[in-house]
Amino acid sequence: MTTATQSIDAVVVGAGFAGLYMVHRLRDAGFTVQGVDAAGDVGGTWYWNRYPGARCDIPSLLYSYTWSDDLRDSWRWSEKYATQPEILAYAEHVADRYDLRRSFLFDTKVISAVFNEATGRWRVETDGGRVFDARFCIMATGCLSVPRVPDIPGAATFKGAAYVTGQWPHEPVDFKGKRVAIIGTGSSAIQSMPLIAQDAAQVTVFQRTPNFSLPALNAPLTDEEVAAFNEAFPIYKQLLDSGEPGLPLPPKGWVPTDAELAALVEQLWNGGGLISAVMIPDLVKNERINDAAADFVRAKIREIVKDPVLAAKLSPDSFPLATKRACVDTDYFASYNRDNVTLVDLRDTPIEAITATGVRTSDADYPADIIVYALGFDAMTGALLNIDIRARDGLALRDVWRDGPKTYLGVAVAGFPNLFTVTGPGSPSVLSNMLNSIEQHVDWIFDAIQHVQTTQSAVMEATLAAQEDWVAHVNDEADQTLYPRAASWYVGANVPGKPRVFMPYVGEGYKKRCDQIAADGYPGFALSR
Ligand code: NA7
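The opening residue of the sequence shown carries number 6 in the numbering used here; numbering runs sequentially from there.
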């Protein structure tokens, strides 16, 4: 049933960490704001990804908002890398603390956002028939929020239970005594397989491309570690605010010799975590360095996996280290030493179909009671393009992005006035600590909205020229790296038919540039009455 159109200042799509903070900032400043999310509650990607072993691969203390001392004081992470339930509880804690739920419509999808040239406002419609007439439209839709569902022939015929990691049920799945097929070897499979293998009778992993993974060496967080972080927090915050990464990175310009590199990589491996990839200077720029680091990881795989043939199959050799998101695991490779874990290398024997009873490859049938699809996401653009976004002259975002996403700074799109994308394509997003990038974008968008208000402008819009320059710069930066060599979701290669464009921004000084643009009165944006 269609209800009356509600006139408000802003619609925020998404109740993940981006949407929560955006709603908070706008509401706190007196704007009328409506948040909308398809999920039943807050949490974004952490609401949906409830598969066993799901956890962040950035240390919890850093995977936290920095905008509220109160939040930091009222929250205690229990582990170095927090589990999904704990991260979800953190999002819920934020929502409770700032009473954010009352500004959200849950279980509701935004289906269209159409700009009205005459009024300079957005008409935002939901699948529940609600219509909002909003001045600003902020897409806090997340980078990994549209999971890829199985498109393998016969998937619908399977008689057992099938689960998609990114749409995991709320109740625990009982794997005890079951034969489980896991399809995919990205982070979701790498995190879940070792835990599933502890319960299941048999696990068969179907691997299309072997992946790099580094040990998390997860551990409980001690009071001393928390205290040390809190003590150093003002410096960390200062670094972030001034546009520095906020991580103890190697000195700029340092090109390690082979011996220095070997020592560094060993030290990082023993320290654990994804930070290892970030910590190696020029890892994604310098082939010698990348080869050496990749060789090191491959040697570790050979050390861990007892069967040398299996170790070879598990060793990534088709793309440079970290040009696909390097994973962080607990006992992933070691789990292949278990009697109940088998690898099927799809490069030798591709999947032909899912049958009523399991998975059929070119040479065998693998019976399964449960299939876990860990197939990844339509990353970075999927959620935006799922909404019918139309602006000037009926211009549709789906058409404008037909050959790949084009944005200015990853935050705005020419032709789409007063529409902002939090951590959109063309910004560092997935290559950064998402929580930091979210905060940076939300603060920047908030200031831009304030600027529209104080200059008594009706709309703010990226110019086509600024966007073209930015897109060229984003591509140029990517082309100076090894990233384009991998058929990764960074370039849309995991979704059939998706244009191959490197989507995240890999250059340096991104926040400084954004801040300078704001300080200079938003060059590259047109403001109109
Ligand atoms: P990823 O990293 O995109 O991994 C998806 C995996 O699924 C990957 O190994 C794919 O192989 C595989 N895949 C996809 N489609 C198929 C089909 N049809 N058959 C066999 N295998 C397939 O997604 P994740 O969810 O694991 O991780 C996403 C991010 O979440 C991660 O990077 C972290 O940032 C958190 P491929 O490599 O394409 O050959």
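Cβ coordinates follow ideal geometry from the N, Cα and C atoms, glycine included.
Model, not experiment: these values are computed from the prediction.
Rounded separation between residue i and residue j - CA only
i, j, result
"L390", "C332", "27 Å"
"P321", "Q212", "11 Å"
"K503", "F382", "12 Å"
"T412", "A477", "11 Å"
"I335", "A471", "Here residue 335 is Thr; the residue named in the question, Ile, does not match the sequence. T335 and A471: Cα-Cα distance of roughly 44 Å."
"M6", "T37", "Low per-residue confidence applies at M6: pLDDT is 47, beneath 50, and the placement is therefore not dependable enough to give any value."
"P158", "I375", "17 Å"
"V441", "V500", "Correcting the residue identity first, residue 441 is Asn in this sequence and not Val. Each residue's alpha carbon lies about 28 Å from the other."
"N54", "C148", "13 Å"
"A60", "Y86", "According to the sequence shown, residue 60 is Arg rather than Ala. Whole-angstrom Cα-Cα distance: 7 Å."
"Y168", "A20", "23 Å"
"L380", "A194", "9 Å"
"V496", "V506", "5 Å"
"C519", "S79", "31 Å"
"D300", "A531", "50 Å"
"P410", "M465", "20 Å"
"N121", "D104", "32 Å"
"I359", "I63", "35 Å"
"N291", "A96", "38 Å"
"H446", "T486", "25 Å"
"V535", "Q39", "Since the first residue of the chain shown is 6 and the last is 534, residue 535 is not available in this structure."
"L31", "D14", "9 Å"
"D74", "K164", "51 Å"
"P509", "L424", "19 Å"
"G182", "Y56", "18 Å"
"N235", "Y70", "13 Å"
"A498", "K242", "36 Å"
"F324", "R330", "11 Å"
"V511", "S65", "23 Å"
Any non-hydrogen atom of the ligand NA7 within 7 Å of residue i CB
i, result
"W494", "yes"
"S192", "yes"
"G381", "yes"
"I157", "yes"
"T354", "no"
"N223", "no"
"L1", "With the chain running from 6 to 534 in the structure shown, residue 1 is simply not present."
"T170", "yes"
"R184", "no"
"T214", "yes"
"I188", "yes"
"L351", "yes"
"F217", "no"
"F120", "no"
"R135", "no"
"R60", "no"
"R330", "yes"
"N438", "no"
"F163", "no"
"N555", "A query on residue 555 cannot be resolved here, the shown segment of the chain reaching from 6 to 534 and no further."
"F421", "no"
"F211", "yes"
Beta-carbon proximity check, residue i vs residue j, cutoff 8 Å
i, j, result
"L315", "F217", "no"
"L319", "P199", "no"
"V346", "A186", "no"
"L226", "S83", "yes"
"A401", "R395", "yes"
"T354", "A491", "no"
"L348", "Y341", "yes"
"L254", "V283", "yes"
"I306", "F338", "yes"
"V3", "L25", "Only positions 6 to 534 of the chain appear in the structure, and residue 3 is not among them; the question remains open."
Residue i at chain D interface by Cβ criterion, 8 Å
i, result
"P489", "The chain inventory of the structure shown lacks chain D, comprising one protein chain alone."
Supposed close pair residue i, residue j - CB separation, criterion 8 Å
i, j, result
"S150", "T170", "Not quite, the Cβ-Cβ distance comes to about 13 Å (not below 8 Å), so this is no contact."
"M385", "V435", "7 Å"
"Y527", "A453", "7 Å"
"L110", "V41", "5 Å"
"A43", "K114", "5 Å"
"T426", "M439", "Actually they are not in contact, since the Cβ atoms of T426 and M439 sit about 14 Å apart, beyond 8 Å."
Ranges of the alpha helix (DSSP H) found wholly within the stretch 71–145, counting only runs of at least 4: 74–78, 89–102
Complete alpha helix (DSSP H) runs within the stretch 163–209 (minimum length 4 residues, chain order): 192–204
Inside the stretch 503–527 only - alpha helix (DSSP H) runs reaching at least 4 residues: 515–524
Sequence ranges, alpha helix (DSSP H) only - wholly within the stretch 199–263, length at least 4: 228–246
Runs of alpha helix (DSSP H) lying entirely within the stretch 403–480, each at least 4 residues, in chain order: 439–459
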